[in-house]
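Chains as they are written, first to last, in the working numbering: chain S, 61 to 269; chain B, 7 to 635.
Backbone N, C-alpha and C define an ideal beta-carbon position, used for all residues, glycine too.
One structure is given below, encoded as structure tokens.
Structure follows, in structure tokens:
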């Protein structure tokens, strides 16, 4: 099977594309590139593209991962250069490799949050016994304790770097963490935040790329 | 030169890709490098406006010129408008986020009457005075074109000028005139007088209007030598030779028509008497299959779209349709692109093609008999018989389709209650056709959906003299039809009648409606095409406040009445339209343009005074032979 994996950045205007729209954007990029992508069977054939971890609207990322299959073999260098030439603004192709990625092993993600104001410290926040916020889940908005999904939080240079659970079983988004910090850190008001996904990791905290 | 910062706003609104720009194939120029900045506005939301082919064509035409930079502008959705007003962000262009007030031109396309309040809202958001007479020397020239511009009068006070007809050539002439005018150092009015001499351009402030005591139009006369007494629409005679984009902008979001759309021809041979498009776009002019296949290959290659669609008023009437379909399918099947063929006639040929195109999925087929009785179909010159429909529906049912949708109109001129009941009878016959056939699967049951719209008389149609039914009358007719339907396989739906009334008032309106429009805007009317925003009470109040009666505009018009749109020459003559109305009253049909020329007048628009319909005669014969074989 001609499986490939693509790593790309999502920045600028592209950060506003919702995941559903993004699937179509990438399909069209494949067609423009004349990369012979394999299609699903059925009434409505669609290109076989698999995305690692949907990115929220407004987030940028430097480590997006997409797997796809080609109907016939093409050298990965060739695929890479064709995709790079066909990508719309805001989608930067970083690499194309042959074979499947370790997408299924994804457990954690590192986010860089840029708020208008930093808190003095995150220590007290991390030491709390209970960190409950209303969080959107499949069954509606629920009060959820998010503490166990926060692996680490570090403050530096106007940013908050946070490593959080990611993937299909436990997933926590940094905007929810910011909501909790605003709620629990006395007198803290972050203001508007920028969110950037910087890396994704497997269960051994090894970077997937 | 300035730009607006909307990054903060984009975080707070739904669907930020409506506003963020940066889409593939959008044109990026340095504004400092051009002489003319043109803001092309579609007075509705991004996803509606970006689906429109005309905007893509003119955007391309203008941006081909090195001295012009054309950018897009759309109406913000309610959430974005609130944010913009709160933060003091003016209406801006998508490409460079430049305030619209800083452009040299603001061009608006008029696709439907219910977008008129959006235009005012957009002008207000841009900080441009709503009325032409209030605009200063450094305001952009606010102008309009598109189908609704054929009766520009309800907007006469708002726009500085209008373009009648097809824009590909005239828009360049307007740009050239602008450069000349700049070089001459004239005033605003000098530019308007200059372009009033260009064929197809209408400058409302150069005309005076008088009314009769009964409120009807008495006269409309030019008040300066530059203005022409009659303004003749522009057409492109040879569509193969006119520029067509080799790239379409590919939006990030899912828009209404998200695909490559190819225009196969302009005009229509049919001559349905209710249809404005069928008259104003005459004469029929086709693109060649060579040209269309080339455009298809270019556009799929440059956009990556997964769908290709053919656009025209009646695709089956394209003379070399079989050849075109074959050649396009050869390409689309190879590239895994789906081909959609709207407004296709259902006959053996059409159905075979649909099966090939749609492969397995048999979703539903749509037919537009428009009227229920044969008498009424003859009145409207819809040259479809009950046998035709039964044959088409039969083919579809036997071919495995179980859902058909039928479009009808009520409130048509010369209509009786029996004609309305005929809609129910026809729908029942369609259901019976399913059960009487041996080839249909009786374990499944057919579904016949009838969709009924209230008729709106439009200018430049044989029914431009007709009375428009009041909402009360329409409601009575809707109920009458409902009572006639006794079959559980028939689903019946109808359109909101309040919107139709307003549409009719503005379609056949005059200059006095400007005040009503401004008042409606002040009362908060906007996005009237969206049912969640439409508020008839506000509209009623606006008419009341201005002392203008809707009934005056929906009434039956006198045979000799001068219409506000009579000064526009669309090629088709008023005499022809009147004769057609006469024939309608006697339920007499008129042959289509290929069967026999009825001398509608449109041929006068062609250079040699000859309509291209006849030039296509030889290829038509070839098609007939091919279909037989």
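| task | Would you decide whether residue 282 of chain B is buried or exposed? Buried here means 16 or more other CB atoms lie within 10 Å of its CB. | result | Start at 1 with the first residue of the second chain, and residue 282 of chain B comes out as number 276. Classification of residue 282 of chain B: buried, given that the 10 Å Cβ count is 16 or more.
| query | Whole alpha helix (DSSP H) runs in the segment 142 to 207 of chain S with 4 or more residues, listed along the chain? | reply | 183 to 187
| task | Can you check DSSP and say which residues form a bridge with residue 347 of chain S? | result | Examination of residue 347 of chain S is not possible in this model, given that chain S is present from 61 through 269 alone.
| query | With contact counted as at least three CB pairs below 8 Å, one residue from each stretch, are the segment 483 to 499 of chain B and the segment 520 to 537 of chain B in contact? | reply | no
| request: Answer yes or no: does any C-beta atom of chain B fall closer than 9 Å to that of residue 76 of chain S? | output: For the purposes of this step, residue 76 of chain S is identified with residue 16 of the first chain, where counting begins at 1. Yes, contact with chain B.
| request: Could you check the C-alpha separation between residue 70 of chain S and residue 185 of chain S for me, to the nearest Å? | output: As a first step, residue 70 of chain S must be located in the first chain, where it is residue number 10. As a first step, residue 185 of chain S must be located in the first chain, where it is residue number 125. About 31 Å.
| query | chain S beta carbons: is any one of them nearer than 9 Å to that of residue 308 of chain B? | reply | For this step, residue 308 of chain B is matched to residue 302 along the second chain. Yes - at least one Cβ of chain S is within 9 Å of the one on residue 308 of chain B.
| Is it right to say residue 86 of chain S is buried, meaning 16 or more other beta carbons lie within 10 angstroms of its own, or is it exposed? | Position 26 of the first chain, counting from 1, holds the residue named residue 86 of chain S. Residue environment analysis places residue 86 of chain S among the buried positions, since at least 16 neighbouring C-beta atoms fall within 10 angstroms of its C-beta.
| request: Starting from the C-beta of residue 635 of chain B, find all residues in its chain whose C-beta is less than 6 Å away, skip the five residues before and the five after it, and write them out in chain order. | output: In the second chain, the residue the question calls residue 635 of chain B occupies position 629. With a pLDDT of only 48 at residue 635 of chain B, under the threshold of 50, the placement of this residue in the model should not be trusted, and no figure is reported.
| request: With DSSP collapsed to three states, give me the class of residue 493 of chain B. | output: If you number the second chain from 1, residue 493 of chain B lands on position 487. Note: residue 493 of chain B maps to coil in three-state DSSP.
| query | Which residues, taken in chain order from the segment 186 to 215 of chain S, show a beta carbon closer than 7 Å to some beta carbon of chain B? | reply | none
| request: Look at the alpha carbon of residue 234 of chain B and the alpha carbon of residue 139 of chain B, and state the distance between them as a whole number of angstroms. | output: Position 228 of the second chain holds residue 234 of chain B. Position 133 of the second chain holds residue 139 of chain B. Cα-Cα distance, rounded: 20 Å.
| query | Where does residue 75 of chain S land, buried or exposed, given buried means 16+ other C-beta within 10 angstroms? | reply | If you number the first chain from 1, residue 75 of chain S lands on position 15. Buried, because 16 or more other Cβ atoms sit within 10 Å of the Cβ of residue 75 of chain S.
| Where residue 220 of chain B and residue 159 of chain B are concerned, what is the direct C-alpha to C-alpha distance, given to the nearest angstrom? | By 1-based counting over the second chain, the position of residue 220 of chain B is 214. By 1-based counting over the second chain, the position of residue 159 of chain B is 153. Cα to Cα, residue 220 of chain B sits roughly 18 Å from residue 159 of chain B.
| said: I need the straight-line Cα distance from residue 210 of chain S to residue 221 of chain S, nearest angstrom please. | reply: Position 150 of the first chain, counting from 1, holds the residue named residue 210 of chain S. Position 161 of the first chain, counting from 1, holds the residue named residue 221 of chain S. If I take the Cα positions, the gap works out to 11 Å.
| Coarse secondary structure for residue 244 of chain B, derived from DSSP in three states | Counted from its first residue, the second chain places residue 244 of chain B at position 238. Residue state, collapsed to three classes: coil.
| query | Going straight from the alpha carbon of residue 82 of chain B to that of residue 14 of chain B, what length do you get? | reply | Position 76 of the second chain, counted from the first residue, corresponds to residue 82 of chain B. Position 8 of the second chain, counted from the first residue, corresponds to residue 14 of chain B. So the alpha carbons of these two residues sit roughly 15 Å apart.
| Nonlocal neighbours in the same chain, by C-beta distance under 7 Å from residue 512 of chain B, ignoring five residues either side | Taking the first residue of the second chain as 1, we reach residue 512 of chain B at position 506. For residue 512 of chain B, where only same-chain residues beyond five positions count, the Cβ hits under 7 Å are 119, 122, 160, 519.
| request: Rank B:474, B:12, B:292 by C-alpha distance to the C-alpha of residue 273 of chain B and give the top, closest one. | output: On the second chain, position 267 is the one that residue 273 of chain B refers to. It is B:292.
| request: On a CA-only basis, which of B:378, B:375, B:340, B:316 is nearest residue 348 of chain B? Give me that one, please. | output: Residue mapping note: residue 348 of chain B aligns to position 342 of the second chain, counting from 1. It is B:316 whose Cα lies nearest to the Cα of residue 348 of chain B.
| task | Compute the beta-carbon to beta-carbon distance between residue 232 of chain S and residue 206 of chain S, rounded to the nearest angstrom, for a pair I have assumed lies under 8 Å. | result | The sequence position of residue 232 of chain S within the first chain is 172, counting from 1. The sequence position of residue 206 of chain S within the first chain is 146, counting from 1. Between residue 232 of chain S and residue 206 of chain S, the beta carbon gap of about 6 Å places them in contact (Cβ cut-off 8 Å).
| Can residue 275 of chain B and residue 320 of chain B be called in contact, C-beta distance under 9 Å? | Position 269 of the second chain, counting from 1, holds the residue named residue 275 of chain B. Position 314 of the second chain, counting from 1, holds the residue named residue 320 of chain B. Taking 9 Å as the Cβ cut-off, residue 275 of chain B and residue 320 of chain B qualify as a contacting pair.
| So, is residue 180 of chain S buried or exposed, given that buried needs 16 or more other C-beta atoms within 10 angstroms? | As a working note, residue 180 of chain S is residue 120 in the first chain. By the 10 Å Cβ count, residue 180 of chain S comes out exposed.
| field | Sequence-distant residues of the same chain with beta carbon closer than 6 Å to residue 33 of chain B, five excluded per side | value | Within the second chain, numbered from 1, the residue matching residue 33 of chain B stands at position 27. The residues 69, in chain order, have a CB closer than 6 Å to that of residue 33 of chain B in the same chain once the five nearest residues on each side in sequence are set aside.
| message | Using beta carbons (cut-off 9 Å, strictly below), is residue 246 of chain S in contact with chain B? | response | Within the first chain, numbered from 1, the residue matching residue 246 of chain S stands at position 186. Taking Cβ atoms only, chain B never reaches closer than 9 Å to residue 246 of chain S, which makes this a no.
| request: Report the option in S:223, S:83, S:153 whose CA atom is closest to the CA atom of residue 258 of chain S. | output: On the first chain, residue 258 of chain S is found 198 positions in, with the first residue counted as 1. The residue with the shortest Cα to Cα distance from residue 258 of chain S is S:223.
| C-alpha gap between residue 284 of chain B and residue 425 of chain B, whole angstroms | Working through the second chain from its first residue, we reach residue 284 of chain B at position 278. Working through the second chain from its first residue, we reach residue 425 of chain B at position 419. Distance between residue 284 of chain B and residue 425 of chain B, taken at the CA atoms: about 24 Å.
| query | Mind pulling the chain B residues with CB within less than 8 Å of residue 73 of chain S? | reply | Sequence index remark: in the first chain, residue 73 of chain S carries index 13 (1-based). Those are 23, 26, 27, 28, 29, 258, listed as they occur along chain B.
| Cross-chain neighbours of residue 85 of chain S in chain B, by beta carbon under 7 Å | As a position in the first chain, residue 85 of chain S is number 25, starting the count at 1. 258, listed in chain order.
| message | Which of the three DSSP states is assigned to residue 529 of chain B in this structure? | response | For the purposes of this step, residue 529 of chain B is identified with residue 523 of the second chain, where counting begins at 1. Note: residue 529 of chain B maps to coil in three-state DSSP.
| request: Return no unless some Cβ of chain B is closer than 9 Å to the Cβ of residue 146 of chain S. | output: Locating residue 146 of chain S in the first chain gives position 86, where the first residue counts as 1. Answer yes: the Cβ-Cβ gap between residue 146 of chain S and chain B drops below 9 Å somewhere.
| query | Using 9 Å as the limit for Cβ to Cβ distance, is residue 128 of chain S near chain B? | reply | Translated into positions along the first chain, residue 128 of chain S becomes position 68. Closer than 9 Å: no.
| said: Let me see if you follow: with CB-CB separation under 9 Å, is residue 135 of chain S close to chain B or not? | reply: Along the first chain, read from residue 1 onward, the residue named residue 135 of chain S stands at position 75. Not an interface residue.
| message | What does the alpha-carbon distance come out to for the pair residue 438 of chain B and residue 431 of chain B? | response | Along the second chain, read from residue 1 onward, the residue named residue 438 of chain B stands at position 432. Along the second chain, read from residue 1 onward, the residue named residue 431 of chain B stands at position 425. Between residue 438 of chain B and residue 431 of chain B, the C-alpha separation is close to 10 Å.
| field | Neighbourhood of residue 218 of chain B by C-beta distance below 8 Å, restricted to the same chain and skipping five residues each side | value | The residue labelled residue 218 of chain B in the question sits at position 212 within the second chain. 224.
| query | If you run the structure through DSSP and keep just helix, strand and coil, what is residue 322 of chain B? | reply | On the second chain, residue 322 of chain B is found 316 positions in, with the first residue counted as 1. In this structure, residue 322 of chain B counts as helix in the three-state DSSP scheme.
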